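Student:
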Amino acid sequence: MEAFKIFLLVMLVACAVSVSLTKRLLTSVIIYMCYSLIMSIVWILLRSPDLAITEAAVGAGVSGILMLLTLKKIRRTATDDEAKEGSANEE
Amino acid sequence: MEWIRFAVSAVLICLGLFAFAIGTVGVNFFDFVLNRMHASGICDTLGTLLMILGLVVANGANFFSLKLLLVLLLLWISSPVSTHLLSMVEKHTSNSLGRYIRRKEDRDGSV
Amino acid sequence: MKNSAFAGFLRWLDGDPEILLGAEEMTEQPDVPRDSQKQRIHHLEHVLKDHPLPVPRAFSRRNVRIFYAVVSVVCCLVIISCLLLAVSDLPRFGVEHAEVEEVTEKYVLDGLEETGAVNIVSGIILDYRAFDTLGESFVLFCALNCVLILLRTDSREEEHDISYYSLSGDDVLRKSIMFTLPLVLVFGVYVLLNGHLSPGGGFSGGAVMGGGLILLSTGYGGEVTGRFITERRFKTVCFIALSFYCLSKSYVFFTGANGLETGISLGTPGAILSSGLILPLNIAVGMVVTCTMYGIYRMFKKGSF
Chain A
471 MEAFKIFLLV
481 MLVACAVSVS
491 LTKRLLTSVI
501 IYMCYSLIMS
511 IVWILLRSPD
521 LAITEAAVGA
531 GVSGILMLLT
541 LKKIRRTATD
551 DEAKEGSANE
561 E
Chain B
846 MEWIRFAVSA
856 VLICLGLFAF
866 AIGTVGVNFF
876 DFVLNRMHAS
886 GICDTLGTLL
896 MILGLVVANG
906 ANFFSLKLLL
916 VLLLLWISSP
926 VSTHLLSMVE
936 KHTSNSLGRY
946 IRRKEDRDGS
956 V
Chain C
30 MKNSAFAGFL
40 RWLDGDPEIL
50 LGAEEMTEQP
60 DVPRDSQKQR
70 IHHLEHVLKD
80 HPLPVPRAFS
90 RRNVRIFYAV
100 VSVVCCLVII
110 SCLLLAVSDL
120 PRFGVEHAEV
130 EEVTEKYVLD
140 GLEETGAVNI
150 VSGIILDYRA
160 FDTLGESFVL
170 FCALNCVLIL
180 LRTDSREEEH
190 DISYYSLSGD
200 DVLRKSIMFT
210 LPLVLVFGVY
220 VLLNGHLSPG
230 GGFSGGAVMG
240 GGLILLSTGY
250 GGEVTGRFIT
260 ERRFKTVCFI
270 ALSFYCLSKS
280 YVFFTGANGL
290 ETGISLGTPG
300 AILSSGLILP
310 LNIAVGMVVT
320 CTMYGIYRMF
330 KKGSF
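Residue numbers (the numbering used here), protein chains in the order written: chain A, 471 to 561; chain B, 846 to 956; chain C, 30 to 334.
This is the structure we're talking about:
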């Protein structure tokens, strides 16, 4: 159990670092959702299921959806390079 | 009796872990999106079934097992549907689909 | 002298509403067609490429990047050390009677008797510290209002949809929603109504129910949910829930604080209809959270209900 806890905490730190290091916004949103999911498991291990339910519903669900919608609004789901590649393929 | 139960649940959980491992390898192995989705979707469905059955066997017949089975039901509904939706979106938006898939008419024509 | 503050004040006395602008009136810019605007930007980019603006050496791109890196690392280190200092002050997890504060001890020992809630967490957040929760609900409501103001699209404005594949027409999704949506909503209601007995409460239950509504509007399109959730109904529900919370809690604080009888029985601990006001307050918070979740999603997605 102790090893599992340490693994979760290490994964939390890894997620938090990689969110800021990834270049694509879509990837960082997905990593952020993973972070919330791991965090909700940590809340359960800390014996606060109230927070775990809320974290899973809000952190991993709704806020992720809102960020994805925002990305769709500002058209950043694909990077510029990919868009160029796609147009090259069409030709 | 306890031993048999433990052995059955351990075997089921190990099989489930094996299925998940295959799924992970498949996701990293293929380079086409639909292939990756195929690997991860099928292995997830099988893996959750085996894992949760193993947990149910280990736990015995009580209310907690019922909750686990409900989780299994929800996962079985949501996971294939999300795979389906992702692949449909990929099919409608991808530019490089023609490189990997030939349409049926083209294939028949070539044969 | 003509544009000084005093002259402006004199003009304001004379009845001029625009004292700040003064003599410089804003002239209406002629409408620039979109294409020529694009051309102009393109032209500007070309010019900038050939003759880049002179940048001082200290602000060159490389120096700025190094500056940002150093500052962000320093900020992170400062924040991490502050947090670690704060954590080292906390009692270890699971240690009994480590420097427990007086307040915490009172909550744990007398909580069940005074609030009637088996789940002490919900007893604390909805009874002892109910105004905290009221503030949180108001923050959510304010967020919804800000989103309503900022993201509302004009009805005349042509909504050009950029989605390539509409999820709302998918039969597989619709069938699966028909199976899962009742489960999700029932779970949300369970978490909401059982808040004083088991983990959960208004916020979690409301978030789950809001997620269910988002699921429904994803699969069946906004028209189906828009049939029973209109903007007006939305605001009414939020208003009634918040004002009920505020009034009832003010009543309880006002009467209960002086040792008077509130007239609300706590019931037997463990029953659904127990623990006084906690259950209705949970329902009120849940209503607000559900409305906010779904409303913010709708505004982000479409710009209107």
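Here a beta-carbon is modelled for each residue, glycine too, at the ideal position from N, C-alpha and C.
Owing to the predicted nature of the structure, the values given are computational and were not obtained by experimental measurement.
Once the 5 residues before and after Ser-246(C) are set aside, which same chain residues still bring their CB inside 6 Å of it?
Tutor: Hits under 6 Å: Thr-254.
Student: Ser-197(C): which of Gly-44(C), Val-99(C) and Lys-330(C) sits nearest, CA to CA?
Tutor: It is Lys-330(C).
Student: Check Met-527(A) in the structure and name its three-state DSSP category.
Tutor: Residue identity differs from the one stated: residue 527(A) is Ala in this sequence, not Met. Reduced to three states, the DSSP call for Ala-527(A) is helix.
Student: Hey, could you find the ends of the alpha helix (DSSP H) Tyr-97(C) is sitting in?
Tutor: First-last of the alpha helix (DSSP H) with Tyr-97(C): 90 to 118.
Student: Does chain C have any CB closer than 8 Å to the CB of His-929(B)?
Tutor: Answer yes: the Cβ-Cβ gap between His-929(B) and chain C drops below 8 Å somewhere.
Student: Since His-937(B) is in the alpha helix (DSSP H), which residue starts that stretch and which ends it?
Tutor: First-last of the alpha helix (DSSP H) with His-937(B): 908 to 938.
Student: At 7 Å on the CB atoms, spell out the chain A contacts of Met-322(C), in chain order.
Tutor: By Cβ distance, chain A contributes Val-532.
Student: Which residues of chain A have a Cβ atom closer than 7 Å to the Cβ of Val-237(C), listed in chain order?
Tutor: Correct list: Ala-527.
Student: Tell me whether Arg-327(C) sits in a helix, a strand or coil according to DSSP, three-state version.
Tutor: Correct three-state label for Arg-327(C): helix.
Student: Kindly indicate if chain C contains any beta-carbon less than 8 Å away from that of Ser-885(B).
Tutor: No - not a single Cβ of chain C is within 8 Å of the one on Ser-885(B).
Student: Does Thr-492(A) come within less than 8 Å of chain C when only Cβ atoms are used?
Tutor: Thr-492(A) does not count as touching chain C.
Student: For Val-956(B) and chain C, any beta-carbon pair shorter than 8 Å?
Tutor: Low per-residue confidence applies at Val-956(B): pLDDT is 45, beneath 50, and the placement is therefore not dependable, though the value from the model is reported in the following sentence. For Val-956(B), the answer is no, since every Cβ of chain C falls outside 8 Å of its Cβ.
Student: Could you give the first and the last residue of the continuous alpha helix (DSSP H) run that contains His-80(C)?
Tutor: Looking at the DSSP string, His-80(C) is not in any alpha helix (DSSP H), and its letter there is neither H nor E.
Student: Go ahead and label Tyr-97(C) buried or exposed: buried means 16 or more other beta carbons lie within 10 angstroms of its beta carbon, across all protein chains shown.
Tutor: By the neighbour-count rule (16 or more Cβ atoms within 10 Å), Tyr-97(C) is not buried but exposed.
Student: For chain C, is any of its Cβ atoms less than 8 Å away from the one on Gly-943(B)?
Tutor: For Gly-943(B), the answer is no, since every Cβ of chain C falls outside 8 Å of its Cβ.
Student: Using CA coordinates, which residue listed in Ile-858(B), Asn-940(B), Ser-927(B) and Met-846(B) is at the minimum distance from Leu-891(B)?
Tutor: Answer by Cα proximity: Ile-858(B).
Student: Measure from the C-beta of Asp-200(C) to each C-beta in chain B and report whether the shortest distance is under 8 Å.
Tutor: It does not; no Cβ of chain B falls within 8 Å.
Student: If we ignore side chains and look at the alpha-carbon of each, how far apart do Ile-508(A) and Leu-478(A) end up?
Tutor: So the alpha carbons of these two residues sit roughly 7 Å apart.
Student: Residue ranges of each beta strand (DSSP E) run of no fewer than 3 residues wholly in the segment 502 to 527 of chain A, ordered along the chain?
Tutor: Qualifying beta strand (DSSP E) stretches: none in this window.
Student: Consult DSSP for Ser-272(C) and reduce its assignment to one of helix, strand or coil.
Tutor: Residue state, collapsed to three classes: helix.
Student: Measuring straight from C-alpha to C-alpha, what distance separates Thr-492(A) and Ser-498(A)?
Tutor: Near 6 Å, if we compare the C-alpha coordinates of Ser-498(A) and Thr-492(A).
Student: Taking the alpha-carbon of Arg-261(C) as reference, which of Phe-232(C), Ser-233(C), Ser-227(C) and Leu-177(C) has the nearest alpha-carbon?
Tutor: Nearest C-alpha to Arg-261(C): Leu-177(C).
Student: Taking 8 Å as the CB-CB limit, is Lys-135(C) close to chain A?
Tutor: By this cut-off, Lys-135(C) is not an interface position.
Student: Below 6 Å CB to CB, which residues in the same chain sit around Cys-320(C) once its five sequence neighbours on both sides are set aside?
Tutor: Contacts found: Phe-263, Val-266 and Cys-267.
Student: Using CA coordinates, which residue listed in Arg-181(C), Arg-158(C), Leu-113(C) and Phe-282(C) is at the minimum distance from Tyr-136(C)?
Tutor: Comparing Cα positions, the closest option is Arg-158(C).
Student: On the DSSP letters alone, give me the boundaries of the alpha helix (DSSP H) that Ser-166(C) sits inside.
Tutor: Note, Ser-166(C): alpha helix (DSSP H), 159 to 180.
Student: Taking the alpha helix (DSSP H) that Ile-858(B) falls in, what are its first and last residues?
Tutor: Taken as a continuous stretch (DSSP letters only), the alpha helix (DSSP H) holding Ile-858(B) covers 847 to 874.
Student: Using a C-beta cutoff of 8 Å, does Tyr-326(C) count as contacting chain A?
Tutor: Interface residue, yes.
Student: Could you tell me if Thr-162(C) is buried or exposed, where buried requires 16 or more neighbouring beta carbons within 10 angstroms of its beta carbon?
Tutor: Thr-162(C) should be labelled buried.
Student: From Thr-938(B) to Gly-871(B), what distance separates their C-alpha atoms?
Tutor: So the alpha carbons of these two residues sit roughly 23 Å apart.
Student: Using a Cβ-Cβ cut-off of 8 Å, state whether Phe-329(C) counts as contacting chain A.
Tutor: Phe-329(C) counts as touching chain A.
Student: Beta-carbon of Leu-226(C) versus every beta-carbon of chain B: anything under 8 Å?
Tutor: It does not: the Cβ of Leu-226(C) has no partner Cβ on chain B nearer than 8 Å.
Student: Could you list which residues in chain C have their beta carbon closer than 8 Å to that of Leu-919(B), in chain order?
Tutor: Near Leu-919(B) (Cβ distances below 8 Å), the residues of chain C are Thr-209 and Leu-212.
Student: Quick one: which chain A residues come within Cβ less than 9 Å of Phe-38(C)?
Tutor: Under the 9 Å cutoff, chain A gives no residues; its nearest Cβ is about 44 Å from Phe-38(C).
Student: What separation, rounded to the nearest whole angstrom, lies between the Cα atoms of Leu-919(B) and Thr-209(C)?
Tutor: Cα to Cα, the separation comes out at about 7 Å.
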